[in-house]
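Following the numbering used here, the numbering of the sequence shown begins with 28 at its first residue and continues without gaps.
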Amino acid sequence: NLGPEPLGNSFNGDHLFKLSRKRKVPVKNFIMDSKIVVGVGNIYASEALYASGINPYSQSGKVTKKKYEELAIEIIKVLRQSIELGGTTLRDFVSGDSSPGYFKQSLKVYGREGEECFKCGTLIKSRRIGQRASAYCPKCQTRF
28 NLGPEPLGNS
38 FNGDHLFKLS
48 RKRKVPVKNF
58 IMDSKIVVGV
68 GNIYASEALY
78 ASGINPYSQS
88 GKVTKKKYEE
98 LAIEIIKVLR
108 QSIELGGTTL
118 RDFVSGDSSP
128 GYFKQSLKVY
138 GREGEECFKC
148 GTLIKSRRIG
158 QRASAYCPKC
168 QTRF
């Protein structure tokens, strides 16, 4: 079974909160699980977690309902912005009409390890969660 589509009507913070209870998996892995919600890849998960101030290493079961409500809103915003900008072009990818995606220019943490956070100036860090690099601001993103 697949989870809801983030841009559909059944996706919200309450959905995330209810499914997260008693789970110890990092919140980033939790929101990238297609059984929880479909279509939230590594880049978009990193950006939404940053925008909502949640450290990607937080145990999903410890994140508050209020923070999940913020996270759901940020996931929707990030995905809509990416669609509007034609996606995220990394390396040599181009879309079907050969045009690049411009969402990369909007990235706040993904791919910015060692650069200053736009909000606080702290250096962005990156560590692996499972098989994926996960960029975050250690000051702006609270660990639960």
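Quick reminder that beta carbons are idealized off the backbone N, C-alpha and C, glycines included.
Quantities reported herein were computed from a predicted structural model and do not represent experimental measurements.
Helix, strand or coil at Ile-102 [DSSP, three-state]: helix
If the criterion is Cβ atoms closer than 8 Å, does the pair Ser-153 and Glu-140 meet it? yes
Rounded to the nearest angstrom, what separates Leu-34 and Ile-63 at their Cα positions? 14 Å
Check whether the stretch 38–51 touches the stretch 146–165, taking contact to mean three or more Cβ pairs, one atom from each stretch, closer than 8 Å. no
Compute the Euclidean distance between the alpha carbons of Thr-91 and Tyr-71, then round it to the nearest angstrom. 20 Å
By the 10 Å Cβ neighbour count, where 16 or more other Cβ atoms means buried, how is Gly-68 classified, buried or exposed? exposed
So, helix, strand or coil for Leu-43, using DSSP? helix
Can you check which of these residues, Ser-133, Gly-157, Tyr-163, Glu-96, is closest to Glu-111 by C-alpha distance? Ser-133
What three-state label does DSSP hand Ser-61 in the structure shown? coil
Leaving out the 5 sequence neighbours to the left and right, which residues in its chain are closer than 6 Å to Cys-147 when beta-carbon positions are compared? Lys-166, Cys-167
Just to confirm, is the Cβ distance from Gly-157 to Asn-56 under 8 Å? yes
Residue environment, Phe-38, which counts as buried when at least 16 other CB atoms sit within 10 Å: buried
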